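Novice:
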Amino acid sequence: MGFITAHDGATIAFADGGEGRDLVLVHGITESRHAWDPVIDALESRWRVVNVDMRGHGESERRAPYDAVTMAADLAAVVTGLGLDEPLVVGHSMGGVIVSAYAGLGHPARGVVNIDQAMALGGFKAALEPLVPMLQGDDASFRDAVATVFAVLDGPLPPGERERLNALASPEQDVVLGVWSTVFESSAEELDALAAELLAGIRVPYLAVHGSDPGTEYVEWLLGLVENARVEVWPDTGHYPHLVDPARCYERLDQFDGGL
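Here the working numbering is used: the first residue of the sequence shown is 15, the next is one more, and so on.
Shown next, in the form of structure tokens:
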């Protein structure tokens with residue numbers, strides 16, 4: 015494990031293993047780089063894998079702000095600090111927003127893989143709004159709200175995997191509220207416009223994998239913004255398709271990267 019100092023002095027933790035072309039992994043909210051543990055050995059047999067703890071998560075420093083643009087800059091600091099050569103950047107959930115922002119802001123990448131994170135964030139705002147009082151309430155209410163969010167998302171995730179993710183998760187209220195601050199403070203239209211602006215800046219192949227169908231309207235919206243985008247639905251794999259079917263995750267990343 016190592017540490018990189020970000021643009022604002024925050025300390026960002028990462029693990030670095032394997033050999034081959036560079037690949038960077040970014041986890042979801044409240045999680046850490048260890049969320050990728052079930053697939054890490056296979057990935058490191060094919061790539062040099064840099065697995066990052068985003069600020070406020072894992073062993074990285076707790077230092078606000080926690081918005082996606084700031085975290086994309088943190089990711090760029092890791093890529094630059096390690097001298098990575100246009101890595102394939104792969105993000106799940108919150109990580110999908112971060113790697114999309116990273117590429118959309120022009121940071122070096124040869125491709126982007128977004129695992130089960132719809133980028134039209136206006137819809138996410140609508141789903142989250144009923145839980146805002148609980149999220150901003152006392153610690154017990156906050157934790158109940160976070161548990162509610164994840165219970166909806168799990169789908170066919172094996173119980174043992176949910177137990178593992180729960181054990182490594184760190185649902186810290188200031189971090190979660192900081193990550194979602196833009197969602198709380200912006201209108202649905204403003205959120206979608208911000209996402210569209212970032213997506214329109216992506217110039218490399220972009221693979222979006224969803225565990226449930228995001229809908230024709232969303233797919234058309236995404237394909238209209240990202241010239242080299244492809245959307246795939248892995249039916250009945252829920253929010254964690256890479257953990258429900260790790261072998262398929264490896265094979266698809268291998269195939270996607272082989273075409274870059």
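Yeah, the Cβ is synthetic: ideal placement off N, Cα and C, and Gly gets one too. All values derive from a computational prediction rather than experimental measurement.
Residues in its own chain within less than 6 Å of V189 by CB, not counting five upstream and five downstream?
Specialist: G70, Y80
Novice: By DSSP's criteria, R244 is part of a beta bridge. Which residues make up the other side?
Specialist: BP columns for R244 point to L221.
Novice: Start and end of the alpha helix (DSSP H) containing R262?
Specialist: 260-272
Novice: How about the region 211-226 and the region 123-141: do they share at least three Cβ pairs that are nearer than 8 Å?
Specialist: By the Cβ criterion, the region 211-226 is in contact with the region 123-141, since at least three pairs of Cβ atoms, one from each stretch, lie closer than 8 Å.
Novice: By how many angstroms is the C-alpha of V104 removed from the C-alpha of E265?
Specialist: 14 Å
Novice: For a quick check, are the C-beta atoms of M108 and G42 less than 8 Å apart?
Specialist: Result yes, Cβ atoms of M108 and G42 sit closer than 8 Å.
Novice: Could you spell out where the alpha helix (DSSP H) holding R176 opens and where it closes?
Specialist: 173-182
Novice: Might you give, ordered along the chain, the residues of its own chain that have their beta carbon closer than 7 Å to the beta carbon of L239, omitting 5 neighbours on each side?
Specialist: A210, L213, A214
Novice: Does at least one heavy atom of the ligand NAD sit under 7 Å from the Cβ of V245?
Specialist: With respect to the ligand NAD, the structure shown offers nothing to examine, as it has no ligands at all.
Novice: To which residues does DSSP link T25 through a beta bridge?
Specialist: Here T25 is bridged, per DSSP, to T19.
Novice: Could you tell me if P101 is buried or exposed, where buried requires 16 or more neighbouring beta carbons within 10 angstroms of its beta carbon?
Specialist: buried
Novice: If you count every other CB in all the chains shown that lies within 10 Å of the CB of T230, and 16 or more means buried, which is it?
Specialist: exposed
Novice: Does the Cβ of N180 have 16 or more other Cβ atoms within 10 Å, making it buried, or fewer, making it exposed?
Specialist: N180 counts as exposed, since fewer than 16 other C-beta atoms from the protein chains shown sit within 10 angstroms of its C-beta.
Novice: Suppose contacts are defined by Cβ-Cβ distances below 8 Å. Is D36 in contact with R62 by that definition?
Specialist: yes
Novice: If we count Cβ pairs, one from each stretch, closer than 8 Å, do we get three or more for the region 129-142 versus the region 171-187?
Specialist: no
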